[in-house]
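Under this note's numbering, think of the first position of the sequence shown as 10, with each following residue one higher. Every residue, glycine too, gets a C-beta built ideally from N, C-alpha and C.
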Amino acid sequence: MHLRAIEDVPLYQTSLRIMKFWSFLLQDNWRRYVCLIPYIMINTTQFLDIYHSEESIDAIVRNAYIAVLFFNTILRAVLLCINRFDYEKFMDKIRLLYIELTDSEDNVIRALVRDTTTAAKYIAKMNLLMGFCSCVGFVTYPIFTTSRVLPFGMYVPGIDKHESPFYEIFFVLQVIITPMGCCMYIPFTNIVVAFILFAILMCKVMQHKLKQLHDVKDEKAREVIIWCIKYQLQLINYVKTINELTTYTYLVEFLAFGAMLCAMLFLLIIVDTVGQMVIIGIYIFMIFSQSVIMYYYANELYDQSLFVAEAAYNSDWFHFNVMTQKILHLLILRAQKPCAILVGNIYPMNLEMLQSLLNTTYSYFTLLKRLYG
């Protein structure tokens, strides 16, 4: 397969092209600043609005949720711009590894590559659809309220945002800027998920190679095991690079996720209309699904990297000579330390961690519900 540029890799092709259009990756032009500068200014007015707000509790909670979401979006975009060349270098490495696997003569490996690519494309489309639904929810929310409100709060000193023509101007501005935020937030998630999916693929390739070590000569077995050890080192460095690029981004989002989900659940029980409940339900589904996707595949990587040791042990190692057994033993020992996507370079991102976070979130939601009642 000939993939001349990193944007040709099917794993993250669509998302990377969106990033390229807004010049967060692959190029640096005016679009980046047209997107980022207004977003930073509006996010500042959002936090000022929360500080000065005299609105009802449901309006404050919703505006706080959107302000934090916008802050996370800006954080992703800024860190992406700062680490642009590191991302591009890493994706070029993926391009070479992807070509190596697609050019393999092993039909099983090629099938694994196809399945991984299909999964990455499906997740990207699903996330973009959810992002679009969230954008629609943001801009249509005022229709279902019982008072005159903007899609999200803003505070501009000396201006009443609810009076014409300022209300109409701010409304149009927010409608324009909301899809731009989606183009910063969703493609980043898609690209990181694609990174993790490829790491899972690397684990499955090693498992497949090791499972073939039955009724083979020592020389052939040693050759495969040494190849797997070298590939395992590539995988370890690969996951280390993902952590270097994303770990602190996901630390901030981990800290914000519980508060955002708790706030939305609380808002769901205090809004006035069915339309508001539907839109808030979309918000909840969006932030929950984004986290579940990330934590599920990070957990899958954790498990699949452990399965490499299991696949090695299930080979006919007892028929190998002592030297080959020692080499296989080294592979098993290292594979027993799983590759993990880390949050803040401390905690592994997995389903157990997500469950703990959800339990804590529900506890705080129950407390808020009792206090409000």
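Rounded to whole angstroms, the gap between the alpha carbons of F33 and V158 is 32 Å. Annotation: the region 226-308 contains no complete segment of the beta strand (DSSP E) (minimum length 3 residues).
Scanning L310, M215 and S113 for the CA closest to the CA of I235 turns up M215. If you check the CB distance, Y107 and V18 come in under 8 Å.
Around the beta carbon of K213, 16 or more other beta carbons sit within 10 angstroms, so the residue counts as buried.
Within the DSSP secondary-structure output, P357 pairs in a beta bridge with L351. Within the same chain, P160 and T187 come within 6 Å of F147 by CB-CB distance, once the 5 residues on both sides are set aside.
Each of Q221, I66, P347 and I302 was checked against the Cα of V248, and the nearest Cα belongs to P347. Nearest to V184 by alpha-carbon distance, out of L206, M211, D224 and S143, is S143. The beta carbons of I27 and C192 sit closer together than 8 Å.
For the options T127, G162, T82 and I118, the alpha carbon positioned closest to that of L57 is the one of G162.
By the criterion of a C-beta distance shorter than 7 Å, A203 is surrounded in its chain by L20, Y21 and A129, once the five residues flanking it on both sides are discounted.
The three-state secondary structure of G162, taken from DSSP, is coil. Counted as a single uninterrupted DSSP element, the alpha helix (DSSP H) harbouring K98 occupies residues R93 to T111.
Around the C-beta of S173, fewer than 16 other C-beta atoms lie within 10 Å, and the residue is accordingly described as exposed. Annotation for N116: the continuous alpha helix (DSSP H) segment containing it runs N116 to T149. Around the beta carbon of T282, fewer than 16 other beta carbons sit within 10 angstroms, so the residue counts as exposed.
For the pair L264 and F374, the CB atoms are not nearer than the 8 Å cut-off. A318 and A73 have their C-alpha atoms spaced approximately 46 Å apart. Per DSSP, reduced to three states, the secondary structure at Y21 is coil, with no helix or strand assignment.
G190 sits in a helix when the DSSP states are folded into three classes.
The C-alpha of I132 is placed about 40 Å away from the C-alpha of H61.
About 10 Å separates the CB atoms of Y306 and L360; that is not less than 8 Å, and the two are not in contact. Annotated as distal: A230 and F79, with beta-carbon spacing of 8 Å or more.
Out of I302, C237 and N246, the CA that lies nearest to the CA of A320 is found in C237. The continuous alpha helix (DSSP H) containing F56 extends over residues W39 to H61. In the three-state DSSP reduction, R13 falls in the coil class, being neither helix nor strand. A buried status is given to F179, since no fewer than 16 other beta-carbon atoms sit within 10 Å of its beta-carbon. Straight across, the Cα-Cα distance linking I289 with Q221 is about 51 Å. In the three-state reduction of the DSSP assignment, P196 falls in the helix class. C-alpha of Y322 to C-alpha of E232: approximately 17 Å in a straight line.
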